[in-house]
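Notes follow the structure.
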Amino acid sequence: MDNSEQERTTEMNLYERYSNYTDDQILEILKKHKDYQEVAVDVAVNIAIERKLIHSKQDLLGPEFQAGRSTVFTFFPEISSEFHRKRLVGSIFRFLYLLSLLPLVYGILNYAKGEINQTLLGVGIGLIWFSLSIFLSKTRKFFIFIPLFILLFAVSIITGYGILKKEDFQFMDMIMLVVATLLPLYLLLYLKRLIQEA
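Structure (structure tokens):
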């Protein structure tokens, strides 16, 4: 399939989808047209013209359609484009998959030391985290977030306790643990919100 055929297919799919949108939803796309791909804007414009919501694409130059991206700080930035939302969700899931490597590596390193219990713990946590992430990606069921949060906090607490017990306690180790806990926590909460908005 060449580029022109692919563009026509994309345009047809968007037209079919946007045809089911309300007038307000179409106007919302046009108001935020800078956040959308050109093909999506063109389809929304055609539908808006058919419904007599606007006269032509030139209407997008009007002040009501020139609202820029919001500069207000939000803890979870709003993603108005479906294309960008899907890409962000995919990126967060890839991070969650990679995160499962940390306990797996921990387990393998402890196996080299002959510490079987720590090996089983690390490998077990890594496999559980990876399995839950895959399951969440496939089903988008919100209850899966609960064991992920529990696992994250349990590992953080156990690791923190181990750091505090060390004779050569390093404050930087605790800082790294806090960062390593807050980053996946933030991404999990953001992912939950993105899935809810889908």
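Going by this note's numbering, the sequence shown opens with residue -12, and the numbers climb by one from there.
Ideal placement from N, C-alpha and C gives every residue a C-beta, glycine not left out.
Going by other Cβ atoms of all chains shown within 10 Å of its Cβ, with 16 needed for buried, is residue i buried or exposed?
i	result
Thr58	The predicted model places Thr58 with a pLDDT of 49, which falls under 50 and marks its position as unreliable; any figure quoted below should be read in that light. The residue is exposed, with fewer than 16 neighbouring Cβ atoms inside 10 Å.
His20	buried
Ala27	buried
Ser195	Nothing can be reported for residue 195: it is not among the residues displayed for the chain, which extend from -12 to 185.
Ala31	buried
Tyr173	exposed
Val166	exposed
Going by DSSP in three states, residue i sits in which element: helix, strand or coil?
i	result
Asn7	coil
Gly101	coil
Gly49	coil
Asp22	helix
Arg38	coil
Leu172	helix
Arg127	coil
Ile162	helix
Glu(-6)	helix
Gln183	helix
Thr61	coil
Glu15	helix
Ser78	helix
Lys152	helix
Leu137	Leu is not the amino acid found at residue 137; the sequence shown has Ile there. Correct three-state label for Ile137: helix.
Ser43	coil
Ile144	helix
Ile121	helix
Ile66	coil
Quick test of your reading: residue i and residue j, contact by CB under 8 Å. State the CB separation rounded to the nearest angstrom.
i	j	result
Tyr93	Gly109	4 Å
Ile66	Ile34	So it is not a contact: roughly 22 Å between Cβ atoms.
Ser120	Tyr177	Not quite, the Cβ-Cβ distance comes to about 15 Å (not below 8 Å), so this is no contact.
Leu164	Gly147	6 Å
Going by beta-carbon coordinates alone, are residue i and residue j separated by less than 9 Å?
i	j	result
Phe80	Ser124	yes
Phe70	Leu17	no
Pro171	Leu139	yes
Lys179	Phe132	yes
Leu181	Arg4	no
Asp10	Leu48	no
Ile115	Thr106	no
Ile161	Leu151	Position check: residue 161 holds Met in this sequence, whereas Ile was assumed. A contact, by the Cβ cut-off of 9 Å.
Asp29	Glu(-2)	yes
Gly113	Leu75	no
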